[in-house]
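Participant:
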Amino acid sequence: MTTFARISGTGGYLPAKELTNSDLERMVDTSDEWIRERTGIKSRRVADDNETTCDLAEGAARRALEAAGRTTDDVDLIIVATTTPDRIFPSTACLLQQRLDIHGCPAFDIQAVCTGFVYALDVADKFIRTGAARCALVVGAETMSRIIDWNDRATCVLFGDGAGAVVLEASDEPGILSSHLHADGSYEKLLYVPGGVSTSGGCPTGDDAYVKMRGNETFRVAVNTLGRIVDETLAANGLDKSDIDWLVPHQANIRIIQATARKLSMPMERVVVTVDTHGNTSAASVPLALDVAVRDGRIKRGETVLLEAFGGGFTWGSVLLKY
Ligand code: UT7
Numbered sequence: 122m123t124t125f126a127r128i129s130g131t132g133g134y135l136p137a138k139e140l141t142n143s144d145l146e147r148m149v150d151t152s153d154e155w156i157r158e159r160t161g162i163k164s165r166r167v168a169d170d171n172e173t174t175c176d177l178a179e180g181a182a183r184r185a186l187e188a189a190g191r192t193t194d195d196v197d198l199i200i201v202a203t204t205t206p207d208r209i210f211p212s213t214a215c216l217l218q219q220r221l222d223i224h225g226c227p228a229f230d231i232q233a234v235c236t237g238f239v240y241a242l243d244v245a246d247k248f249i250r251t252g253a254a255r256c257a258l259v260v261g262a263e264t265m266s267r268i269i270d271w272n273d274r275a276t277c278v279l280f281g282d283g284a285g286a287v288v289l290e291a292s293d294e295p296g297i298l299s300s301h302l303h304a305d306g307s308y309e310k311l312l313y314v315p316g317g318v319s320t321s322g323g324c325p326t327g328d329d330a331y332v333k334m335r336g337n338e339t340f341r342v343a344v345n346t347l348g349r350i351v352d353e354t355l356a357a358n359g360l361d362k363s364d365i366d367w368l369v370p371h372q373a374n375i376r377i378i379q380a381t382a383r384k385l386s387m388p389m390e391r392v393v394v395t396v397d398t399h400g401n402t403s404a405a406s407v408p409l410a411l412d413v414a415v416r417d418g419r420i421k422r423g424e425t426v427l428l429e430a431f432g433g434g435f436t437w438g439s440v441l442l443k444y
């Protein structure tokens with residue numbers, strides 16, 4: 122019998138501190154009106170100085186386990202998608218494993234920036250389908266605020282912190298129907314952080330430690346690429362646009378989300394939007410949005426859900442699933 126991987130529970134965790142557009146008006150030359158019109162963002166959450174990516178990941182993971190009716194004893198695989206790990210090493214997944222008092226199962230991070238959770242879900246799906254795992258904890262967690270230049274209005278208004286998680290389990294019923302992952306490293310310079318561990322100068326300090334983005338060019342590639350991945354996903358499953366019940370997109374910009382919804386001929390009522398209150402939480406954005414819509418009762422068991430994301434690399438991908 123075929124083994125599928127099915128989401129049995131979701132969880133989300135946001136830091137308490139809220140940063141509104143009017144707070145940002147006091148920090149840089151911007152306006153609430155510009156941010157809302159160009160991005161759809163009204164506020165975002167920001168981690169405290171002593172709050173780490175692993176702290177956020179732990180909050181989301183515990184909630185996902187509770188929703189799945191599972192305990193930490195059941196978990197046999199941990200994957201954390203993050204661009205902002207607590208440390209160079211151990212991985213945030215290993216730190217999370219320690220927090221949850223889980224011992225022995227594989228635990229590793231995935232770095233695909235905003236597409237990280239979609240990548241992680243696909244990897245976990247493959248572990249489960251091959252029988253290498255039965256109960257995976259898949260987390261997207263970020264403290265993007267740590268790699269943002271709070272004097273750069275082009276980027277600081279966009280990002281937020283948070284974590285989302287799912288428990289993915291072996292099941293006789295689908296589950297994840299298909300995943301589609303892509304990358305094109307030639308776009309490096311449109312969205313990147315200059316500094317890194319082995320670049321000259323070593324660990325980044327000052328301006329090299331911060332996100333640089335050519336926003337408008339990134340925007341155009343994102344809209345085109347996400348349109349293509351919608352087609353690819355539907356074709357791979359022999360589905361029509363109308364077969365998709367919910368779109369859970371990466372939350373970078375409401376205008377990108379609306380463009381993808383138009384591509385799917387999908388009314389915005391069927392699109393999960395959290396960018397207004399979360400901002401762009403990178404790898405956390407898709408699982409956070411999924412958790413919001415599952416918990417408020419919009420996404421129901423058996424419905425067909427399309428997850429998609431686009432981010433630095435560039436990386437992009439989609440997962441089609443039956444919830
Ligand atoms: O998650 C990973 C993928 N990331 C994305 O997909 C993000 C993609 N990019 C975007 O979402 C949008 O490009 C932005 C929201 C970043 C920018 O919106 P835009 O409509 O592309 O604006 P723009 O970059 O073309 O800038 C328009 C104007 C410029 O002024 P001038 O040159 O026209 O005088 C900017 O200097 O807006 C100015 N501007 C701002 N004004 C007020 C840029 N940032 C701000 C700001 N407040 N925060």
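According to my numbering, numbering within the sequence shown proceeds without interruption in unit steps and concludes at 444.
Heads up, the beta-carbon is just placed ideally off N, CA and C, and yes, glycines get one too.
Here's the rule: buried if 16 or more other CB atoms are within 10 angstroms of the residue's CB, otherwise exposed. What is residue 256?
Facilitator: Under this definition residue 256 is a buried residue.
Participant: Should residue 337 be listed as close to ligand 1, given that the test is whether its C-beta is under 7 Å from any heavy atom?
Facilitator: yes
Participant: Do you know offhand how far residue 372's Cα is from residue 163's?
Facilitator: 13 Å
Participant: Under 8 Å by Cβ, that's how I've got residue 300 and residue 246 pegged, so tell me the actual separation to the nearest angstrom.
Facilitator: Rounded, the Cβ-Cβ distance is 6 Å, consistent with contact.
Participant: Do residue 231 and ligand 1 come close, with the Cβ less than 7 Å from some heavy atom?
Facilitator: no
Participant: Curious, which full-length alpha helix (DSSP H) runs of at least 4 residues does the stretch 388–435 contain?
Facilitator: 396–399 and 406–416
Participant: Ends of the beta strand (DSSP E) at residue 285?
Facilitator: 282–292
Participant: Hey, out of 184, 376, 249 and 444, whose CA is closest to residue 158's CA?
Facilitator: Ranked by Cα distance from residue 158, the options 184, 376, 249 and 444 are led by 376.
Participant: Report back the beta-carbon spacing between residue 250 and residue 126 to the nearest angstrom; my notes put them in contact at under 8 Å.
Facilitator: Contact between residue 250 and residue 126 is confirmed by a C-beta separation of about 6 Å, below the 8 Å threshold.
Participant: List the residues that DSSP assigns as beta-bridge partners of residue 367.
Facilitator: 426
Participant: From which residue to which residue does the alpha helix (DSSP H) around residue 336 run?
Facilitator: Note, residue 336: alpha helix (DSSP H), 336–358.
Participant: With a Cβ-Cβ cutoff of 8 Å, do residue 244 and residue 200 count as a contact?
Facilitator: yes
Participant: Taking its Cβ as the centre, do 16 or more other Cβ atoms sit within 10 Å of residue 401, making it buried, or is it exposed?
Facilitator: buried
Participant: Between residue 278 and residue 185, is the Cβ-Cβ spacing less than 8 Å?
Facilitator: Contact: no.
Participant: Can you tell me which of 340, 180 and 391 puts its alpha carbon nearest to the alpha carbon of residue 311?
Facilitator: Of the listed residues, the one whose Cα sits closest to residue 311 is 340.
Participant: Using 8 Å as the cut-off, can you tell me whether the stretch 260–270 makes contact with the stretch 159–179, which would need three or more C-beta pairs spanning the two stretches below that distance?
Facilitator: yes
Participant: Can you give the beta carbon distance from residue 168 to residue 136, rounded, assuming they're within the 8 Å contact cut?
Facilitator: Residue 168 to residue 136, Cβ: 4 Å. Contact.
Participant: Compare the Cα-Cα distances from residue 335 to each of 424, 293 and 433 and report the closest residue.
Facilitator: 433
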